[in-house]
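Every letter in the sequence shown is one number past the one before it in our numbering, and letter 330, counting from 1, is 562.
Below: one structure, written as structure tokens.
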Amino acid sequence: MKLALLAEQAAGERRVAATPETVKKLIGLGAEVAVEAGAGVGASIDDAAYTAAGASVGTRAQAIADADILLGVAGPAPDSLTGAKPGAWLVAGLNPFGERARVDGYAALGIEALAMEWMPRITRAQSMDILSSQANLAGYKAVLDAAAEYGRAFPMMMTAAGTISAARVFVMGVGVAGLQAIATARRLGAQVSATDVRSATKEQIQSLGAKPIFVEKVAGIEGEGAGGYAGEMSAEYQAAQAELVSAHIAKQDIVITTALIPGKPAPRLVSDAQVASMRPGSVLVDLAVEQGGNVEGAVAGEVVVRHGVKIVGHRNVPSRLAADASALFARNLFNFLSAYWDKDAGRPVLPADDEVTQAIRLTQNGQVVNARLTA
Numbered sequence: 233m234k235l236a237l238l239a240e241q242a243a244g245e246r247r248v249a250a251t252p253e254t255v256k257k258l259i260g261l262g263a264e265v266a267v268e269a270g271a272g273v274g275a276s277i278d279d280a281a282y283t284a285a286g287a288s289v290g291t292r293a294q295a296i297a298d299a300d301i302l303l304g305v306a307g308p309a310p311d312s313l314t315g316a317k318p319g320a321w322l323v324a325g326l327n328p329f330g331e332r333a334r335v336d337g338y339a340a341l342g343i344e345a346l347a348m349e350w351m352p353r354i355t356r357a358q359s360m361d362i363l364s365s366q367a368n369l370a371g372y373k374a375v376l377d378a379a380a381e382y383g384r385a386f387p388m389m390m391t392a393a394g395t396i397s398a399a400r401v402f403v404m405g406v407g408v409a410g411l412q413a414i415a416t417a418r419r420l421g422a423q424v425s426a427t428d429v430r431s432a433t434k435e436q437i438q439s440l441g442a443k444p445i446f447v448e449k450v451a452g453i454e455g456e457g458a459g460g461y462a463g464e465m466s467a468e469y470q471a472a473q474a475e476l477v478s479a480h481i482a483k484q485d486i487v488i489t490t491a492l493i494p495g496k497p498a499p500r501l502v503s504d505a506q507v508a509s510m511r512p513g514s515v516l517v518d519l520a521v522e523q524g525g526n527v528e529g530a531v532a533g534e535v536v537v538r539h540g541v542k543i544v545g546h547r548n549v550p551s552r553l554a555a556d557a558s559a560l561f562a563r564n565l566f567n568f569l570s571a572y573w574d575k576d577a578g579r580p581v582l583p584a585d586d587e588v589t590q591a592i593r594l595t596q597n598g599q600v601v602n603a604r605l606t607a
């Protein structure tokens, strides 16, 4: 049973889908691992480290040849998989809605594409969840990016020359990324507040020492939305939240937005008028910029200035912490493969009636089979 580790081809993608640590574990299961030369360079892993772990290193064609499973971070272009044998698995983050043409291409090649970002948010799949592991790092990095752009200190400082007030940080969206952003901003000494449409997150915000900012007189979502995400709110709630948030944003030094709705453009949380209400030198970090952005005026891949306020729109934030992001991503993939490893077959086997299988399998036997893509 051969696994191939592919080098990433997307611009700016520095992560890698397996590390020497997980290569050793995969070999321990009985797999042969072939690595495309240079696959780990962006994550500070050289080819020699993979060789020392027991993998072979060669060209892309050599890695793909006769491979049963192809491992990647982002979905590769189908024409880069020439030579892959029919029935081989492609295990990666495949962006099925955004890259539908690629999904069709995988089907045409006879590849069984498994979208790891569609892993269901159930207890037994937590260790396989690439969205959570990468969002955790994105929330942390968002605060560091904000600190780098902010021209003042984060903590309150009492000096002989006078007192410096703590930075005021407002986190919008309290999922995995938002919770880590709150915790990181608190560790840096900021005065932190946060909001979410899910009322159940209020206790999570308070547990991290931050102040919850919630609409009180209009009902929000009491628990989690589908798959652990927030759902779309009523027009009444959106109007009440906008009024509350507008007054709060005007007093903030830093705003970090993290809100996403799977399969849809990111919800607009901060308007241009709200940006204009912030004092010059303030910073907004939009973690949803690649899906349309939570902040009006945010530009993917750029730091722009509007009304004297910096709007940070870095692409692929987890890749900006490539070594740690790769380590977590690689463990997610290993946890998935090992959980379904059949010792008798000498490879992982996905039961057709399994909840995970049904969620992540996009293509099989030359057809697109996932219900979310065929409905």
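Yeah, the Cβ is synthetic: ideal placement off N, Cα and C, and Gly gets one too.
Distances from the alpha-carbon of Thr427 to those of Tyr382, Ser397, Ala474 and Glu381 put Ala474 closest. Comparing C-alpha distances from Val401 to each of Met360, Ala415, Gly407 and Ala392 shows the shortest one belongs to Ala415.
Between Ser551 and Arg246, the C-beta spacing is below 7 Å. With a minimum length of 4 residues, the unbroken runs of alpha helix (DSSP H) contained wholly in the segment 239 to 284 fall at 252 to 261. Going by beta carbons, Ala385 and Ile396 fall inside the 7 Å limit.
Every alpha helix (DSSP H) stretch that sits fully inside the segment 308 to 370 and reaches 4 residues is listed by chain position as 332 to 341. When rounded, the separation of the alpha-carbon atoms in Tyr382 and Ala309 is 38 Å.
Excluding sequence positions up to five before and after Leu303, its CB lies within less than 8 Å of the CB of Leu235, Ala236, Leu237, Leu238, Ala249, Ala250, Val323, Ala324 and Leu565, all in the same chain and listed in chain order. Around the C-beta of Ala345, 16 or more other C-beta atoms lie within 10 Å, and the residue is accordingly described as buried.
With a threshold of 16 other beta carbon atoms within 10 Å, Ser312 falls short and is exposed. Per DSSP, Lys434 is one residue of the alpha helix (DSSP H) stretching across Lys434 to Ser439. Taking 7 Å as the cut-off, the Cβ atoms of Gly524 and Arg538 do not count as close.
With respect to the 7 Å criterion, Glu268 and Ala242 are not classified as neighbours on the basis of their beta carbons. Ala320 counts as buried, since no fewer than 16 other beta carbons sit within 10 angstroms of its beta carbon. Restricting attention to Gly286, Ala271 and Arg593, the CA atom closest to the CA of Val265 is found in Gly286. By the criterion of a C-beta distance shorter than 8 Å, Thr606 is surrounded in its chain by Val600, once the five residues flanking it on both sides are discounted. Under the 10 Å beta carbon count, Glu534 is surrounded by fewer than 16 other beta carbons and is classified as exposed. Nearest C-alpha to Gln412 among Gly274, Ser439 and Tyr572: Ser439.
Rounded to whole angstroms, the gap between the alpha carbons of Pro497 and Gly410 is 18 Å.
Between Ser570 and Leu261 a beta carbon distance of about 6 Å is seen, short of the 8 Å cut, so the two are scored as contacting. Here the C-alpha atom of Gly270 lies approximately 42 Å from the C-alpha atom of Ala399. In the assembly as shown, Val581 is an exposed residue. Its beta-carbon has fewer than 16 other beta-carbons within 10 Å. If you check the CB distance, Leu501 and Met404 come in under 7 Å. From the listed residues Leu476, Val588 and Asp485, the smallest Cα separation to Glu448 is found for Leu476. Under the three-state reduction of DSSP output, Gln470 falls in the helix class. When secondary structure is reduced to three states using DSSP, Gly405 falls in the coil class, being assigned neither helix nor strand. With contacts defined as CB atoms closer than 7 Å, Ala520 and Asn526 qualify as a contacting pair. The alpha-carbon separation between Pro387 and Ala422 amounts to approximately 5 Å. Residue pairing of Val289 in beta bridges, as defined by DSSP: Val267. By the 16-neighbour rule on beta-carbons within 10 angstroms, Lys443 is exposed. Put simply, the backbone Cα of Gln596 is about 15 Å away from that of Arg604. Residues Gly244, Val521, Glu522, Ala532 and Gly533 of the same chain have their beta carbon placed closer than 8 Å to that of Arg547, with the five preceding and five following residues left out of the count. DSSP places Ile445 in the coil class of the three-state scheme, outside both helix and strand. Short of 6 Å from the beta carbon of Val408, and not among the five residues preceding or following it, lie these beta carbons of its own chain, in chain order: Ser364, Ala367 and Asn368. Note that the C-beta distance between Ala374 and Val517 is below 7 Å. The beta carbon of Asp556 lies closer than 8 Å to those of Leu369 in the same chain, with the five residues before and after it left out.
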